[in-house]
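Report on one structure; see the data block that follows.
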Amino acid sequence: MKLREQENSFVYQGKRPLGKLVKRFWLCSVFSLILQIAAGCIPSTGLVRTAYVLVPYGLGLCASIFLIRKVTEFTFADAKMERSVYHRTAETFDAALLAAGAMAVLTAAAELIRLFITAEKSIPASIAVILLEAAASGCMAWFKYEEADLIYKEIPAKKK
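Using the numbering used here, read the sequence shown as starting at 43 and increasing by one per residue.
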C-alpha cells in the first residue's frame, strides 16, 4: 500500500516484532470466535428460548466478527501505515475488544440467571455455555494485554 504524500503516517515502535504480535492477535480473536460459536451450538435453556441470553450472545458474536475484520485489515497494513488505516484498525481495537468481551460476560451472566430461575434439566449445557463464554471473554482480555505492546509513532507528511 503506497502512502499518500499529503497524509501523516504511523510507524510501529513496539518492543516485540510486529509479526509475532499480529499472530497473537489472530490467535486470540479466532479462538474467541470459535468458543462463542461452540457455546451457540449447545442447546441450553437460555440460548434456545430466552431473549435476554440471545441478545448479548448475538451482539457478542457480531462484535467478535467485527474484531476479526479489524485484525484482517491490520494484518495487511504495513509496519508503516496511513493515518486512515491506523484510525480504522489499531486505534479502535479497544472499543471492539470491550464490546466483544462485555457481551461474552453478559451472555454468561444471563445464562447463569436463567439457570437459577428455571433449574431445568439442562444444567450441564448451561454450565458449558457459561464456561465457554467466560473463556471467550478471557481471550479478549489476553488480546487487550497483547495490544498494550502496539505502539505507533506519528510521522509528519513530507512537504514539497
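Just so it is clear, CB atoms sit at the ideal spot from N, CA and C, and this is done for glycine as well.
The continuous beta strand (DSSP E) containing K195 extends over residues Y194 to I197. By the beta-carbon neighbour count (other beta carbons within 10 angstroms, threshold 16), Q78 is buried. Listed in chain order, the alpha helix (DSSP H) elements of length 4 or more contained wholly in the stretch 43-130 are 60-83, 87-91, 93-118 and 125-130.
Of all alpha-carbon atoms in Y128, R111 and L89, the one lying nearest the alpha-carbon of L174 is that of L89. Under the three-state reduction of DSSP output, S164 falls in the coil class, being neither helix nor strand. The Cβ-Cβ distance between T87 and R156 falls below 9 Å. Cβ-Cβ distances below 7 Å link M123 to S51 and F52 in the same chain, with the five nearest sequence neighbours on each side left out; the list follows chain order. For S74 against A132, the beta-carbon gap comes to about 19 Å, at or over 8 Å, which does not count as contact. Between G82 and the set Y128, T149, A119 and A161, the nearest pair of CA atoms involves T149. Around the beta carbon of F158, fewer than 16 other beta carbons lie within 10 angstroms, which makes this residue exposed. In the three-state reduction of the DSSP assignment, D136 falls in the helix class. Sorting R111, A152, W68 and G180 by C-alpha distance to the C-alpha of S168 places A152 at the top. DSSP, read as helix, strand or coil, puts K186 in helix. C-alpha of L60 to C-alpha of T92: approximately 42 Å in a straight line.
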